[in-house]
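Visitor: In the numbering used here, the protein residues as written are 309 to 380.
Note that CB positions come from ideal geometry on N, CA and C, so glycine has one too.
To start, I am sharing the structure in question, which I have written as structure tokens.
Next up, the structure:
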């Protein structure tokens, strides 16, 4: 069961990081915090990338192993 918890924890971290990447402050909108804007945009792009989320399903399949598909 601990193996399944690991993928749930990683998915939660990715989701939380993706949400944090979309926080916008007034300083970012006014152009005073360009470095913070760059970092938030980069984090949002990396955390929301399709290849990262697709790898989560591959990792989950490897954790489940072939026993998931057996009927007996």
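Assuming residue 367 contacts residue 315 (C-beta within less than 8 Å), just tell me the rounded distance between them.
Guide: With a contact defined as Cβ atoms closer than 8 Å, residue 367 and residue 315 qualify at about 6 Å.
Visitor: Would residue 355 and residue 326 be called neighbours here (beta carbons separated by less than 7 Å)?
Guide: Contact annotation: residue 355 and residue 326 have beta-carbon atoms nearer than 7 Å.
Visitor: Could you tell me which of 364, 371, 373 sits nearest to residue 319, measuring between CA atoms?
Guide: 364
Visitor: Express the C-alpha separation of residue 359 and residue 344 in angstroms, rounding to a whole number.
Guide: Spanning the two alpha carbons is a distance of roughly 25 Å.
Visitor: Below 8 Å on the Cβ atoms is my contact criterion, and I expect residue 351 with residue 328 to pass it. Report the Cβ-Cβ distance as a whole number of Å.
Guide: Right, the Cβ-Cβ distance comes to about 7 Å (below 8 Å), so this counts as a contact.
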